[in-house]
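Residue numbers (my numbering), protein chains in the order written: chain A, 1082 to 1627; chain B, 35 to 304.
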Amino acid sequence: MFRLFRSHLMLSFALFFALTACSSAPSAPSGAADTASADKPAQQEEHKASRPIIIATTQDAQGDRLDAASYNGSRHVHASVYEALVDYQGGGKLAPSLAESWEATPDGTTYTFHLRKGVQFSDGSALTAGAVKFSLERAAANKDTAPLELVRKLQSIDTPDDYTVIIHFKEMASQILLELSQARPLRIMSPNAVSPAGAVDGEFKQAIGTGPWKITSYKKDVETVLAPNEHYWREKPSTHNLVLKVITDPQARVLALQNGEADIAGGELGNIPLENLPLFENNKDFIIEQHPSTMSYFMVINQHQEFLADRNVRQAINLGKDSSVLMNGQGAEVKGLFQPSVAFVTDNNQPFYGYHPDQAKQLLEKSGFVWNNNKQLYEKNGKELALRLVIQTEEYPEWKEMAEIFQDQMKKIGIRIDILNQERASYYNTLWDTKEYDLLLYRTYTDAQLPYRFLSSLFYDTKETPAVAYQDKQLTEYLDQIANTISEPEQQAIFDKLFTRMHEEAMTVPMYYTRQTFVHSSKIKGFTFASIEDDPVKWHLLTAGE
Amino acid sequence: MKLRFATNTTVMAALLFIAALIVCGLLGSWFQPFDPYETDYSAKLRPPGAAHWFGTDYLGRDLFSRVLAGIVHSVFPVFIILAVVSVISVVTGMISGYYGSRLDMLLMSATDMFTALPNLLLTIVIIGFLGVGMENVYLAISLSWWAKYVRLIRGLVHDVKKEPFVLAARVSGSYGLSTMMRHILPNIMPQVLTMIILDVSRIILTLSGMSFLGIGAQPPSPEWGAMLLDGKNYIQLAPWLGFFPGLMIFLTACAFQICGEKLRSRYKLK
């Protein structure tokens, strides 16, 4: 018996040490010390005076490989370090950024950008047309960027003077401005960021952009430290450093906020499980910030599954799910796949199914399914109507509960759902490669990528590369038509038809419209949401009291 | 040095607890005040009280009913796993111990390959190959567990083989299988059973552990480890979600361990 007792004792000690090690070890923010010893001692002195602001993030930012022309690292850090030629303002609208103005020829083959004068990179060099040409050509040379329209249709880039960039395309390019506004990979990087300087295929050395932040230190899987870019042109640079601390477990992020190891967590970069929000409500030490989002959660349907090939089944699933009870009823009323904040979504072009479990059952019976009273579910030819739903909870902790509620709702209309919670990497592998799912919980992209870029990346279907999410000839045709016009009313008319088509065929199961939710310590002041979700907060406006 | 946990009173209590578990598990829904799968969003996260003895979870399911329903998923499979494991290991161990020589060497090196890795690690690796799910967990635990018994059984067989009554049986014409089944097996059975019962609690912990890691039982299964995992997200807001399944795992493991200890002292097993 003593042996058992001893092993229990040892286990408790082990647990105790593991827990205390987690909570105490990284508590001294190493960012302050690291930055102080970085390149410019004189300038860093004043930053050392104010304490760094610590942000909890789900994944490593890959601060040593943050090439603007790549998909390396975290989008949010791309957007903090690099700026775009044009800014996305939501609802399809664009605003000047590094380009003060731009024009396109009516045939959509030539775009001219007039650069802002007096903008400097974080190394002090000036933003010129040459840097823009370098950045875009470098992005085009990266094989990962091949699906982008700018890369597919690019013919040449001219720089008649230091502040004018003219991009020529082989054919009409309608999505260029939206692509340029995204967090990556078409943002502008200094030619000095690579070695040899200015070489399109040069080796990446250091992240040098015009954004409000620069990377000063990076520890893999631990933290990335951002220091203010003193050359930032738009507003006064911050007086704090930012420490992006990697805390992968959602509960650990909650605890980190509570014990002061992190000042801010939330949004997509450091998701706080919604069920934990009550811990911060009515708590004077914390402030909850919420802001509309463009992202929706939805289910990808595998149309090659024998039951899901039947439109009635797909519609029945849509009719049988009740979004209003998801996420503690915090979600807005879900209609079509896209939130009302998404470009080209209007009040009338989002038909939806609503919650009608009886109709769902009728549809199933119409398709020849027979109710099995013993098992309490539908069968066809002796085969249970059972579907496998794949989810992941590392990035989206709320999906588990959402999946369980969905499972319960489907049970009520006689469909059995088997939930498979996969680890992040194998989840993406299931989505893009193996396709071993019947239903898969996923999210739409955000902002300027909606709706066109998102739809084309998941639903564009060719013989060589079948659509990832749902293959439909008609839908692909619509996407082609949209790409072939730069007239907004014409695009709107096609989108109207496209949304209807997606609804009628029940190509997805829209689940939930997200909101951006951040929690921060009340010592942090000046919290302001920015215009795109990939760059969710105006970090440089934050100040921290002691 | 020896702490006496296995007194007659504790053993009785442990036996009673195990008996109650088995009855509750077998009669299932009889004892459950609610359907363990029935959700009620209006009664979410109720603390323990008169209506819901253990409270309700985040989908409004009655925790007491779920904990009871969990017996079938958390305790019963252990018996099946042990049955499989003991059959494999007794057969291998007896053949190895009885026949000796080359066959013994071959079987022992195969066993050593499995014992070289810690049980838990091996289990996780096997699940990694087979994929997530309760059936795969059963299989993985069985595969990683049998080897450690083989050596012990082989040793026991070695000892018994030299006993006069076995020699007598062999002299009077009993060979191989018949000797093993009629003379050796009955004599090593008490030790083997003790050893197995001592391991029940470990397997319960491994089983729940796999579900707690998310690679075992999948929702909406009321497996205790899976319920513990569900409770993790609510540890500050609704601690009862994790407390009761955790308590049950603890009590069950203790009860089997106490019985095992009693048997161990009776059969003088090291």
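Cβ coordinates follow ideal geometry from the N, Cα and C atoms, glycine included.
Q) Tell me the DSSP bridge mates of residue 1327 of chain A? A) A/1138
Q) So, is the C-beta of residue 1414 of chain A closer than 7 Å to a C-beta in chain B? A) no
Q: Pick out the complete beta strand (DSSP E) segments inside the region 1253 to 1315 of chain A, 3 residues or longer, and give them in chain order.
A: 1294 to 1300, 1304 to 1309
Q.
Between residue 267 of chain B and chain A, is any beta-carbon pair separated by less than 7 Å?
A. yes
Q: Verify the CB distance criterion: does residue 1309 of chain A have a CB-CB separation below 7 Å to chain B?
A: no
Q: Sort out for me which residues DSSP pairs residue 1249 of chain A with in a bridge.
A: A/1191, A/1237
Q) Based on the DSSP output, what are the partners of residue 1164 of chain A in its beta bridges? A) A/1269
Q: Classify residue 1364 of chain A as buried or exposed, calling it buried when 16 or more other Cβ atoms lie within 10 Å of its own Cβ.
A: It counts as exposed.
Q) Using 7 Å as the limit for Cβ to Cβ distance, is residue 1479 of chain A near chain B? A) No - not a single Cβ of chain B is within 7 Å of the one on residue 1479 of chain A.
Q: Pick out whichever of A/1621, A/1597, A/1614 has its Cα sitting closest to the Cα of residue 1606 of chain A.
A: A/1621
Q: Report the residue ranges of all beta strand (DSSP E) runs contained in full by the region 1469 to 1545 of chain A; include only those spanning at least 3 residues, in chain order.
A: 1497 to 1502, 1520 to 1524
(Q) Just verifying my parser: in three-state terms, what is the DSSP assignment at residue 1357 of chain A? (A) helix
**Q.** As assigned by DSSP and simplified to three states, the class of residue 1347 of chain A
**A.** strand
Q: With distances taken Cα to Cα, identify the nearest neighbour of residue 1590 of chain A among A/1181, A/1548, A/1402, A/1541.
A: A/1402
Q | is_contact[residue 172 of chain B, chain A] using C-beta, thresh 7 Å | A | no
Q. Is any beta-carbon of chain A found at less than 7 Å from that of residue 104 of chain B?
A. no
**Q.** Three-way DSSP call (helix, strand, coil) for residue 1575 of chain A in this model
**A.** helix
Q. In three-state terms, what does DSSP make of residue 272 of chain B?
A. coil
Q: List the residues of chain B that residue 1488 of chain A touches, going by C-beta distances under 7 Å, in chain order.
A: 253, 254
**Q.** Beta-carbon proximity of residue 253 of chain B to residue 1500 of chain A, cut-off 7 Å
**A.** yes
Q | Runs of alpha helix (DSSP H) lying entirely within the region 1391 to 1428 of chain A, each at least 4 residues, in chain order | A | 1392 to 1401
Q: For residue 124 of chain B, collect the residues of the same chain with a Cβ closer than 7 Å to its Cβ; drop the 5 residues on either side in sequence, then sort them by chain order.
A: 187, 226
Q: Ignore the nearest five residues each way along the sequence and tell me which others in residue 1460 of chain A's own chain have a CB closer than 7 Å to its CB.
A: 1450, 1451, 1453, 1466
Q) Which residue or residues does DSSP assign as beta-bridge partners of residue 1378 of chain A? A) A/1524, A/1593
Q. Which bits of chain A does residue 166 of chain B rub up against, with CB to CB less than 8 Å?
A. Think of a sphere of 8 Å around the beta carbon of residue 166 of chain B: the chain A residues whose beta carbon falls inside it are 1501, 1502, 1503, in chain order.
(Q) Would you call the region 1327 to 1343 of chain A in contact with the region 1136 to 1144 of chain A, where contact means no fewer than 3 C-beta pairs closer than 8 Å? (A) yes
Q. DSSP three-state call for residue 83 of chain B: helix, strand or coil?
A. Secondary structure at residue 83 of chain B: coil, using DSSP grouped into helix, strand and coil.
Q.
Three or more C-beta pairs under 8 Å: does that hold for the region 1240 to 1258 of chain A against the region 1155 to 1165 of chain A?
A. no
Q) Taking the runs of the alpha helix (DSSP H) that are 4 residues or longer, which of them lie wholly in the region 207 to 287 of chain B? A) 210 to 213, 219 to 246, 258 to 266
Q | residue 1347 of chain A burial status per 10 Å Cβ neighbour count (16 or more: buried) | A | A residue is called buried once 16 or more other Cβ atoms fall within 10 Å of its Cβ, and residue 1347 of chain A is buried on that count.
Q.
Tell me the rounded alpha-carbon separation between residue 1173 of chain A and residue 1184 of chain A.
A. 17 Å
Q) Looking at the structure shown, is residue 309 of chain B part of a helix, part of a strand, or coil, going by DSSP? A) Any property of residue 309 of chain B remains undetermined from this structure, which presents chain B solely from 35 to 304.
Q: Pick helix, strand or coil for residue 1200 of chain A, following the three-state DSSP scheme.
A: coil
**Q.** Residues near residue 48 of chain B in its chain [Cβ-Cβ closer than 6 Å; skip 5 each side]
**A.** 289, 292, 293
Q. Chain B beta carbons: is any one of them nearer than 7 Å to that of residue 1129 of chain A?
A. For residue 1129 of chain A, the pLDDT reaches just 48, beneath the cut-off of 50, and the residue's location in the model is therefore unreliable, although a value from the coordinates is still provided. By this cut-off, residue 1129 of chain A is not an interface position.
Q. With a CB to CB cut of under 6 Å and the five nearest residues on each side skipped, what residues in its chain are close to residue 1232 of chain A?
A. 1221, 1226
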